[in-house]
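The next block holds one structure in the form of structure tokens; read it before the comments.
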Amino acid sequence: MPQPACHAEPQHLCMPEDARKRAARRLNIARGHLESIVRMLDDPDAYCVDVLRQIKAVQGALSGAGEVVLRGHLQAHVATAAQRGDSEEIIEELMEALKYT
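Per numbering that gives the first Met the number 0, residue 0 is the first one in the sequence shown, and the count goes up by one each step.
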């Protein structure tokens, strides 16, 4: 079943546009680093430390994207949960998501 559009139903929560754009930018950076790693590994003369540096760059970009999404969620949804009356659901959802960080 498709999710309703963000603004079509007031109870449907969406990622804030600014957070989406900033997270996408960080993920594009991560993609670039990841593609660089794959190219490096195609080279039989690739140096381990160079590969490790690129892996760290990908991890940093992914971590940054996660932080952007989390901050957007906290500001847009968690901080306003009491007004909507869904505090318990939002807390449980966030605790479940944080298991994977």
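Quick reminder that beta carbons are idealized off the backbone N, C-alpha and C, glycines included.
Burial state of residue i (16 or more Cβ within 10 Å)
i    : result
Q82  : exposed
I170 : Residue 170 lies beyond the stretch modelled for the chain, which goes from 0 to 100, so this question has no answer here.
R38  : exposed
Q74  : exposed
A64  : buried
Nearest residue (CA-CA) to residue i, options the options
i   : options       : result
G59 : G71, K20, H32 : H32
Residue j beta carbon less than 8 Å from that of residue i
i   : j   : result
L51 : A29 : no
V77 : L97 : no
Distance, residue j Cα to residue i Cα
i   : j   : result
G84 : S35 : 47 Å
Y46 : M14 : 40 Å
L26 : V57 : 9 Å
K55 : E16 : 27 Å
E87 : A80 : 8 Å
V48 : Y99 : 28 Å
L12 : H72 : 9 Å
E95 : P43 : 42 Å
Given 8 Å, three or more beta-carbon pairs between the segment 14 to 30 and the segment 54 to 71: Yes, the segment 14 to 30 is in contact with the segment 54 to 71.
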